[in-house]
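Q: Structure below; questions to follow.
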Amino acid sequence: HMARIESTIMDDMFSSFSEIYVPPETLRELLEVVADDHDDSKNQDKDAYRAVMQQIRTSVQDELSRIEIVEENQMDVQAYVEESMRAHKENITYIDDLTANKNNGINQL
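Going left to right, the sequence shown walks through residues 1 to 109 as my numbering numbers them.
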């Protein structure tokens, strides 16, 4: 089930959209769906959940590293890109927090 979610998210976000940019808010909503689904499943298959979140995290980091500003004189574009990068970094932290909480639960078993 988690693999299906990961496949859908990654396919939609990074390959099949006609737009190159995915807003951080959209990514956050998708991450929340994954986390809620995992919670609804009574935290079954923790390894798959952790793998999905790690793959999404890696993909976001890869996308952040590819962002280049073509024209430096477009300050509005630069500010928008910087804000988006900040928000995506928050999404990475959110993933880390979610997986850390799940790992703590594993350690308490």
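Note that the Cβ used here is the ideal one computed from N, Cα and C, for glycine as well.
Remember, predicted model here, so these are calculated numbers, not experimental data.
Which first and last residues belong to the alpha helix (DSSP H) in which V34 is found?
A: Segment 24-40, the alpha helix (DSSP H) holding V34.
Q: Does DSSP put Q55 in a helix, in a strand, or in coil?
A: Q55: helix per DSSP, three-state reduction.
Q: Alpha carbon to alpha carbon, how far is V81 from V34? Give it in angstroms, no decimals.
A: Going from the Cα of V34 to the Cα of V81 covers about 26 Å.
Q: Between the alpha carbons of P23 and T58, how many angstroms are there, rounded?
A: Each residue's alpha carbon lies about 17 Å from the other.
Q: Below 8 Å on the Cβ atoms is my contact criterion, and I expect Q61 with I92 to pass it. Report the Cβ-Cβ distance as a whole number of Å.
A: That pair is a contact at about 7 Å.
Q: Excluding sequence positions up to five away, which residues of its chain have a Cβ less than 6 Å from the Cβ of A87?
A: Same-chain partners within the cutoff: P24.
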